[in-house]
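A.B. asks:
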Amino acid sequence: MQTNIRTAVILTHLAKPYLLESKGTIVNVSSVDSFKPNDREWSYCMSKAAVNAFTQAIANLLAPHVRVNAIAPGPVKTGIFKAQGDPEEQWEEKARLMPLGRIAEPIEIAQFIALLASDSSKNMTGSIVASDSGYLLKDPYSSGRVA
Numbered sequence: 188m189q190t191n192i193r194t195a196v197i198l199t200h201l202a203k204p205y206l207l208e209s210k211g212t213i214v215n216v217s218s219v220d221s222f223k224p225n226d227r228e229w230s231y232c233m234s235k236a237a238v239n240a241f242t243q244a245i246a247n248l249l250a251p252h253v254r255v256n257a258i259a260p261g262p263v264k265t266g267i268f269k270a271q272g273d274p275e276e277q278w279e280e281k282a283r284l285m286p287l288g289r290i291a292e293p294i295e296i297a298q299f300i301a302l303l304a305s306d307s308s309k310n311m312t313g314s315i316v317a318s319d320s321g322y323l324l325k326d327p328y329s330s331g332r333v334a
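Add 187 to a position in the sequence shown, counting from 1, and you land on the number used in the numbering used here.
1) Which residues does DSSP pair with I315 in a beta bridge?
2) With a floor of 3 residues, list each beta strand (DSSP E) that falls wholly inside the segment 219 to 301, ordered by position along the chain.
3) Going by DSSP, which residues form a beta bridge with T199?
4) Express the C-alpha separation of T265 and D306 in angstroms, rounding to a whole number.
5) Quick one: what's got a C-beta closer than 7 Å to N247's C-beta in the same chain, skipping five residues either side?
6) Mind checking which residues open and close the beta strand (DSSP E) that includes T190?
7) Taking 8 Å as the threshold, find out whether the segment 204 to 216 comes into contact with the segment 276 to 292 through three or more Cβ pairs.
8) What does a CB cutoff of less than 6 Å around N215 pick up in its chain, not counting 5 residues either side in sequence?
9) Between which two residues does the beta strand (DSSP E) harbouring N215 extend?
Right, here's the structure in full:
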C-alpha cells in the first residue's frame with residue numbers, strides 16, 4: 188500500500204509547482220489487477236485501484252496545466268518473478284493464456300509510458316490505459332483460443 192499510492196501522492200505534491208510552471212505530464216503506474224482483483228493479492232489490487240482514483244482526481248485538479256494519466260500493465264517479464272522461482276515454462280504457459288499469446292517485456296512498458304508523456308497524447312488526461320496482451324479480455328470460463 189505504502190509504495191504504490193503513497194509514493195504517487197508524495198511525488199505529485201513535490202513536483203506540482205514545477206509541473207504547473209512547465210505544463211508537464213504525470214504518468215502513474217497502476218496494474219490490470221486494479222480492474223480484475225484476485226483474492227491472493229487483494230491489498231496489491233486495492234492499492235493499484237487507489238492509484239487509478241488518485242490519477243483521475245489529480246488530473247481534474249491540475250487540468251488544464253498538467254496532464255495526468257496511468258498505465259495499467261498486465262504480466263511483464265521482470266526479475267521479480269524469476270526471484271520467486273517462476274521458471275521460463277511458467278512464462279510460456281501464462282503467454283498461452285493471453286489473447287495475444289505473449290507477455291510484455293519491460294522495455295515495452297517503458298515505451299508506452301514515454302508515449303503517454305509525449306505530445307502524441309496531449310488530448311489525454313485522467314486516463315488509465317491497459318497494456319496487457321489482452322489479459323482483461325479473458326473470460327475465466329472461456330476455453331481459450333477460437334482458432
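From the three backbone atoms N, C-alpha and C, an ideal C-beta is built for every residue, glycine too.
C.D. replies: On the basis of the supplied data:
1) I315 is bridged by DSSP to A257.
2) If only complete runs of 3 or more residues are kept, the segment 219 to 301 shows the beta strand (DSSP E) at 254 to 260, in order along the chain.
3) According to DSSP, T199 bridges with nothing at all.
4) For D306 and T265, the distance between alpha carbons rounds to 28 Å.
5) Cβ within range, chain order: G313.
6) Unbroken run through T190: none, as it is neither H nor E.
7) Not touching, per the Cβ criterion.
8) Excluding sequence neighbours, N215 sits near A195, V238, T242, A257.
9) Run containing N215: 212 to 216, per the beta strand (DSSP E) assignment.
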